[in-house]
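**Student:**
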Amino acid sequence: MVEERGIVRLPSVKNKSVFGAAAGVMILLLNGFVTSCLWLSFRSMRFVKNSSFRLLLVLMVMTLIFIVRSHQSVSNPSWEQPTMGTLCHITLSGSIPKSELAALRKKIDAALVNVNRRMSTWQADTEISKFNAFQSLEPFPVSPEFATVVRRALELSAATDGAFDPTVKKLVDHWGFGPESDGDSVEEILKAVGWRKVSLRGDALLKSHPGVQLDLSAIAKGYGADAVADVIRRRGRMSFIVEIGGEIVADGWKPNGQAWRVGIETPDPAQPFGADILESVMLSGRALATSGDYRNFRVREDGTRFSHIIDPHTGMPAATDVASVSVLAGSCMDADAIATALFVMGSEKSFQWLETHSEIEAFFTLHMPDQTLSTRATDGFPLNEREN
Ligand code: AMP
Ligand code: MG
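The numbering of the sequence shown is the numbering used here, which starts it at 37 and goes up by one.
1) For A57, count neighbouring Cβ atoms within 10 angstroms of its own Cβ and tell me buried if that reaches 16, exposed if not.
2) Report the rounded CA-to-CA distance for P196 versus A398, giving the unit in angstroms.
3) Quick check on this structure: which residue in P175, R334, H349 and R297 has the alpha carbon closest to the alpha carbon of L324?
4) To the nearest angstrom, how far is the alpha carbon of G258 from that of E223?
5) Which one or two residues does DSSP pair with V110 in a beta bridge?
6) Taking the C-alpha atoms as reference points, what is the distance between G42 and G293?
7) Taking the alpha helix (DSSP H) that S386 falls in, what are its first and last residues?
8) Within this structure, are the beta carbons of F213 and A254 separated by less than 9 angstroms?
9) For L137, which of P348, A365 and R273 has the nearest alpha-carbon?
10) Taking three-plus beta-carbon pairs below 8 angstroms as touching, is the segment 180-190 in contact with the segment 351-366?
11) For D329, list the residues DSSP reports as bridge partners.
12) Sort S386, L192 and A228 by Cα distance to V204 and report the nearest one.
13) Please confirm if the segment 162-175 is in contact with the segment 276-296, defined as three or more CB-CB distances below 8 angstroms between the two stretches.
14) Compare the C-alpha of F333 against each of T122, A354 and M120 and name the closest.
15) Any contact of the segment 259-269 with the segment 144-162, i.e. 3+ C-beta pairs under 8 angstroms?
16) Would you mind sorting V335 into buried or exposed? The rule is 16 or more other CB atoms within 10 Å of its CB.
17) Tell me, which residues are paired with V363 by DSSP?
18) Hey, which unbroken runs of the beta strand (DSSP E) at 3 residues or more fall wholly within the segment 245-317?
19) Within this structure, are the beta carbons of N152 and S131 separated by less than 9 angstroms?
20) Can you check which of these residues, F167, P118, L226 and F309, is closest to D239 by C-alpha distance?
21) Comparing the CB of D338 with every heavy atom of the ligand MG, is any distance shorter than 8 angstroms?
22) Count the other CB atoms, across all protein chains shown, that sit within 10 Å of the CB of E416; report buried if there are 16 or more and exposed otherwise.
23) Put W231 into one of helix, strand or coil per three-state DSSP.
24) Relative to the C-alpha of T340, which residue among D347, P348 and D329 is closest?
25) With distance defined between alpha-carbon atoms, name the residue in T350, A295, A169 and L390 nearest to L319.
26) For the candidate residues P418, H125, L250 and M369, whose alpha-carbon lies nearest to that of F169?
27) Smallest Cα separation from A256: which of P305, D370 and S193?
28) Between K233 and the ligand AMP, is there a pair consisting of the residue's CB and a ligand heavy atom that are separated by less than 8 angstroms?
29) If we call anything under 9 angstroms between Cβ atoms a contact, is I164 one with R154?
30) Nearest-angstrom Cα distance between I268 and V110?
31) Thinking C-alpha only, which one of K233, P418 and L91 is nearest S316?
Dropping the structure here:
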């Protein structure tokens, strides 16, 4: 899978909250309680006659407790780990015991390895690669996780009239964005492309053409971000932000009690990642994913660009007026796949589609005929003030 980043996290927000103050009061009360207990126990120590010496002892013990405690827990941990050819960034709000954090990181790592092992087309021994190599019409048993993603991918293929289509693998290869390529023509490849050529029977996959191959790169990063978010929630941590290659899930609040905020970058290949933020969005309890033509593309001999996103109907790189589209949805898996689909559809068809899918919000940057960029968003897209 290829790194695709349209989103960056931003350092600050402006609305105030009472949570920071509440946490401070709680800590003060707790410290007061501990101090009283210590004071009482030291008072009962008859062998220490001098009261100033007793006070000194209490202070020393408290300092010791403070040092030990701060060594045992971590505040607002933030880390990154490689996955799916890109990075997963995670930030948690609040203090977490070191041992709990280590266990959580282990679980997250396992979840990401699991997604990679099942859905990467770049390794021959993954579940998807084995399915792709299986040139038979017999049922191919798959793991429940793999079945879940394929099921949702097929539902979203139907919902987007095939603009999103997980069977594009050979086309992706053909246009130079995949791990391998044979010399087949687009016309020949299209015979084995089409989401209707794959079906699920329980947890087994069936091909109706032996040459059908899957590529889940347009949905797997979103699925991975959801999987990491689930691990964090199951461990009782409700304020976090998880990002995999630009696909983001956030919940709760930042460490300072304010809302998480993410930036949408200007889709300009000349700009390094995060250098030019176009808009920012408050994000909590939802997911945001971006597809675009400005990070992963090839240049033709005549100087024109074509992107890694393929129109499954024509077999050609999508001919679209969309430079980038950021989608807000309830799950990152949906946001990821729908962003890819809207990119293929182009703005006009996308806005018609969005009218009948009111649970989805989207922000577009569009190529205009005069070579400039313009922006357009659904009414409910929660844009903030501009950054510049
Ligand atoms: P994304 O960056 O999420 O839009 O995903 C793009 C990746 O998904 C590409 O690099 C391909 O591997 C794959 N892909 C390309 N076109 C499509 C499509 N129309 N539907 C589903 N997956 C696609
Ligand atoms: Mg996608």
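Yeah, the Cβ is synthetic: ideal placement off N, Cα and C, and Gly gets one too.
**Tutor:** Taking the coordinates as given:
1) Unreliable positioning characterises A57 in this predicted model, as indicated by a pLDDT of 45, which lies under 50. A coordinate reading is not provided.
2) Sequence inspection shows Thr at residue 196; the Pro mentioned does not correspond to that position. The straight-line gap from Cα to Cα measures roughly 15 angstroms.
3) Closest in alpha carbon position to L324, among P175, R334, H349 and R297, is R297.
4) 31 angstroms
5) DSSP lists I132 as the beta-bridge partner residues of V110.
6) Confidence at G42 is low in this model, with a pLDDT of 42, below 50, so the placement of that residue should be treated as unreliable; the coordinate-derived value is given next. Roughly 25 angstroms separates the two Cα atoms.
7) S383 to E391
8) Between F213 and A254, the gap from beta carbon to beta carbon reaches 9 angstroms or more.
9) R273
10) no
11) Note: D329 is not bridge-paired with any residue in the DSSP secondary-structure output.
12) A228
13) no
14) A354
15) yes
16) exposed
17) A325 and A398
18) Here the runs fully enclosed are 276-280, 283-287 and 297-301.
19) The Cβ-Cβ distance between N152 and S131 does not fall below 9 angstroms.
20) F167
21) Result no, Cβ not under 8 angstroms from the ligand MG.
22) Residue identity check: residue 416 is Gly in the sequence provided, not Glu. Its Cβ having fewer than 16 others within 10 Å, G416 is exposed.
23) helix
24) Comparing Cα-Cα distances from T340 to each of D347, P348 and D329, the minimum goes to D329.
25) Relative to L319, the option among T350, A295, A169 and L390 whose CA is nearest is A295.
26) With the sequence shown as reference, residue 169 is identified as Ala, and Phe is not the correct amino acid for it. Selected option, being the one with the closest Cα: L250.
27) D370
28) no
29) Yes, Cβ-Cβ distance for I164 and R154 is below 9 angstroms.
30) Between I268 and V110, the C-alpha separation is close to 16 angstroms.
31) P418
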